[in-house]
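Student: These protein sequences, in sequence, are chains B and Z.
Position one of the first sequence corresponds to residue 1 (the working numbering), numbered consecutively onward.
Position one of the second sequence corresponds to residue 238 (the working numbering), numbered consecutively onward.
Idealized CB from N, CA, C, for every residue including glycine.
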Amino acid sequence: MPAALLMASEAGFTVNGPLVVASFDLFGITWNLTESVIVQWIVMLILLVVMIVLTHKMEVIPKTKRQVMAEWIVTLVQGMVDTTMGEKYKKYTTYIGALLCFILINNLMSLLGLRNPTADISVTGAMAIITFILTQYNRAKTGRVKGYFHSFIEPMPFMLPFNIIGEIANPVSQALRLFGNMVAGMVIGGLIYFALGNFAILIPAVTSLYFDIFSAVIQAYIFTTLTMAYISGAECE
Amino acid sequence: MDEMKILANAIVLGASALGAGTAMIAGLGPGIGEGICASKAVEAIGRQPEASGAVTRTMIIGDALAETTGLYSLVIALLLLYANPLFGSLTSALEKFGG
Chain B
1 MPAALLMASE
11 AGFTVNGPLV
21 VASFDLFGIT
31 WNLTESVIVQ
41 WIVMLILLVV
51 MIVLTHKMEV
61 IPKTKRQVMA
71 EWIVTLVQGM
81 VDTTMGEKYK
91 KYTTYIGALL
101 CFILINNLMS
111 LLGLRNPTAD
121 ISVTGAMAII
131 TFILTQYNRA
141 KTGRVKGYFH
151 SFIEPMPFML
161 PFNIIGEIAN
171 PVSQALRLFG
181 NMVAGMVIGG
191 LIYFALGNFA
201 ILIPAVTSLY
211 FDIFSAVIQA
221 YIFTTLTMAY
231 ISGAECE
Chain Z
238 MDEMKILANA
248 IVLGASALGA
258 GTAMIAGLGP
268 GIGEGICASK
278 AVEAIGRQPE
288 ASGAVTRTMI
298 IGDALAETTG
308 LYSLVIALLL
318 LYANPLFGSL
328 TSALEKFGG
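1. Under 8 Å: do the segment 284-291 of chain Z and the segment 202-220 of chain B share three or more Cβ pairs, one atom per stretch?
2. Can you confirm whether Val43 (chain B), when its beta carbon is compared against all beta carbons of chain Z, has any partner nearer than 9 Å?
3. Counting contacts by CB-CB distance shorter than 9 Å, is Phe250 (chain B) in contact with chain Z?
4. Evaluate Ile222 (chain B) with the Cβ neighbour count: other Cβ atoms within 10 Å of its Cβ, from every protein chain shown; 16 or more gives buried, anything less gives exposed.
5. Spell out the partners DSSP gives Leu33 (chain B) in its beta bridges.
6. Pick helix, strand or coil for Arg66 (chain B), following the three-state DSSP scheme.
7. Tell me the DSSP secondary structure of Gln285 (chain Z) in three-state form.
8. Relative to the C-alpha of Asp212 (chain B), which residue among B:Ser110, B:Leu176 and B:Val183 is closest?
9. Only counting the same chain, and skipping five residues up and downstream in sequence, which positions put a Cβ closer than 7 Å to that of Ile298 (chain Z)?
10. So Arg115 (chain B) and Val39 (chain B) are supposed to be a Cβ contact under 8 Å. How far apart are they, rounded?
11. How big is the Cα-Cα spacing for Ile240 (chain B) and Leu226 (chain B)?
12. Is it right to say Val145 (chain B) is buried, meaning 16 or more other beta carbons lie within 10 angstroms of its own, or is it exposed?
13. Rounded to whole angstroms, what is the Cα-Cα separation between Phe194 (chain B) and Trp72 (chain B)?
14. Which bits of chain Z does Ser173 (chain B) rub up against, with CB to CB less than 7 Å?
15. By the DSSP assignment, the alpha helix (DSSP H) with Tyr139 (chain B) in it spans what residues?
16. For chain Z, find out if any of its Cβ atoms is closer than 9 Å to the Cβ of Ala216 (chain B); answer yes or no.
17. Suppose contacts are defined by Cβ-Cβ distances below 9 Å. Is Leu134 (chain B) in contact with Ile231 (chain B) by that definition?
18. Ile297 (chain Z) touches chain B at which residues, Cβ-Cβ below 9 Å?
19. Among the candidates B:Thr83, B:Leu45, B:Ile164 and B:Gly125, whose CA atom is the shortest distance from the CA of Val172 (chain B)?
20. Let's see if you can read the secondary structure: which residues bound the alpha helix (DSSP H) around Glu332 (chain Z)?
21. How about the segment 309-319 of chain Z and the segment 255-262 of chain Z: do they share at least three Cβ pairs that are nearer than 8 Å?
22. Tell me which residues share the same chain as Met80 (chain B) and place their Cβ nearer than 6 Å to its Cβ, disregarding the 5 neighbours each side in the sequence.
23. Is any beta-carbon of chain B found at less than 9 Å from that of Arg294 (chain Z)?
24. List, in chain order, every chain B residue whose beta-carbon is nearer than 9 Å to that of Leu308 (chain Z).
25. Among the candidates B:Thr142, B:Met182, B:Met69 and B:Leu108, whose CA atom is the shortest distance from the CA of Leu315 (chain Z)?
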């Protein structure tokens, strides 16, 4: 491990995890306050300010541009939930909307020169675990105890191990998809800047357009769409 | 003994670099899969332009699922390059060996 790090730093290009800003001991566990947490606080602050500004002094008939914008966002999320999950799951609209906005702004943070919080497996893993819990909750709620356990031996009892593996693979692949895409963008961007050295003009802008903007928007959309598909797909008949 | 340690480290480093490169061959699969996915989506939109919204949505989700195997290999390659777990077992093996 030290040898590998030494080699990489001699070459001049390294990929590091998020910086640990502070760490403190509580209940016998060391809690690390990392760069990802700080950047996520900034994201929350941005979202809070934008939401307050957009929904300030709302009227029944929208007169201001910002109210039209707020209504457009809400209609967009409602349409997504309606087409993917159906009428029954209307109460998930708030969670899906919050998730979409939060991941989108998180993914776009690299434009400000900060490290993407979503390029940290802990962050994406936490979001995938929330999806997993909601999936299990919906399965248990619609199928009760019998339906919940019966869904694991469908269509045949010998399918039990495959069903369990499939259930665990969902959050793992979901977390790794967002993490992998963001880290790949970060590494490739860094490599291009490193390779071009002092002549880093124009070419990084083109690749950044794909990796920092297109990929970020698409991955936020995919993460929320898969969350909706997993939750509504867990329903028992 | 130091020479042996350096040799052992060099072998693990070289093998890890080769392994990282070999792991990324898995990028072929998602590439071909997403290409087929996109070509079928174009055909579908050409036949039924009014369903382009639903087709695009399904295509993007299908692409994301097809990409998963490629991302697994990317994670393995990154692990081998930047957080190599093999050096830990090498150190313990050398200690056991009496190094």
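Tutor: Working from what's here:
1. no
2. Against the first sequence, residue 43 (chain B) aligns to sequence position 43. For Val43 (chain B), the answer is no, since every Cβ of chain Z falls outside 9 Å of its Cβ.
3. This structure cannot settle anything about residue 250 (chain B), because the visible part of chain B is limited to 1 through 237.
4. As a first step, residue 222 (chain B) is located in the first sequence; it is residue number 222 there, counting from the start. Classification for Ile222 (chain B): buried.
5. Here residue 33 (chain B) is taken as the residue at index 33 of the first sequence, counted from 1. Paired residue(s): B:Ala22.
6. Working through the first sequence from its first residue, we reach residue 66 (chain B) at position 66. Three-state result, Arg66 (chain B): helix.
7. The residue you call residue 285 (chain Z) lines up with position 48 of the second sequence. Residue state, collapsed to three classes: coil.
8. Along the first sequence, one-based indexing puts residue 212 (chain B) at 212. Measuring from the Cα of Asp212 (chain B), the nearest candidate turns out to be B:Ser110.
9. The residue labelled residue 298 (chain Z) in the question sits at position 61 within the second sequence. So the list is empty, once near-sequence residues are dropped.
10. As a working mapping, residue 115 (chain B) is identified with position 115 in the first sequence. As a working mapping, residue 39 (chain B) is identified with position 39 in the first sequence. That pair is a contact at about 7 Å.
11. It is not possible to answer for residue 240 (chain B), since the shown part of chain B is limited to 1 through 237.
12. Start at 1 with the first residue of the first sequence, and residue 145 (chain B) comes out as number 145. Exposed: under 16 other Cβ atoms inside 10 Å.
13. In the first sequence, residue 194 (chain B) corresponds to position 194, counting from 1. In the first sequence, residue 72 (chain B) corresponds to position 72, counting from 1. Rounded to whole angstroms, Phe194 (chain B) to Trp72 (chain B) spans 41 Å at the Cα level.
14. Within the first sequence, the letter at position 173 stands for residue 173 (chain B). Ordered by position in chain Z, the residues that pass the 7 Å Cβ test against Ser173 (chain B) are Thr305.
15. Here residue 139 (chain B) refers to the residue found at position 139 when the first sequence is read from its first residue. What sits at residue 139 (chain B) in the sequence shown is Arg, not Tyr. Note, Arg139 (chain B): alpha helix (DSSP H), Ile121 to His150.
16. Residue 216 (chain B) sits at position 216 when you count from the first residue of the first sequence. Judged by the 9 Å Cβ criterion, Ala216 (chain B) is not in contact with chain Z.
17. As a position in the first sequence, residue 134 (chain B) is number 134, starting the count at 1. As a position in the first sequence, residue 231 (chain B) is number 231, starting the count at 1. Going by C-beta atoms, Leu134 (chain B) is nearer than 9 Å to Ile231 (chain B).
18. Residue numbering aside, residue 297 (chain Z) sits at position 60 when the second sequence is read from its first letter. Near Ile297 (chain Z) (Cβ distances below 9 Å), the residues of chain B are Ile218, Tyr221, Ile222 and Thr225.
19. Within the first sequence, the letter at position 172 stands for residue 172 (chain B). Among B:Thr83, B:Leu45, B:Ile164 and B:Gly125, the Cα nearest to that of Val172 (chain B) belongs to B:Gly125.
20. Indexing the second sequence from 1 puts residue 332 (chain Z) at position 95. Taken as a continuous stretch (DSSP letters only), the alpha helix (DSSP H) holding Glu332 (chain Z) covers Leu323 to Phe334.
21. yes
22. To locate residue 80 (chain B), count along the first sequence from 1; it is residue 80. Around Met80 (chain B): no qualifying Cβ.
23. For the purposes of this step, residue 294 (chain Z) is identified with residue 57 of the second sequence, where counting begins at 1. Chain B contact via Cβ: present.
24. What you label residue 308 (chain Z) is simply residue 71 of the second sequence in a count that begins at 1. Per Cβ cutoff of 9 Å: Ser173, Leu176, Arg177, Phe179, Gly180, Asn181 and Ala184.
25. Within the second sequence, residue 315 (chain Z) is the residue found at index 78, counting from 1. For Leu315 (chain Z), the nearest C-alpha among the options comes from B:Met182.
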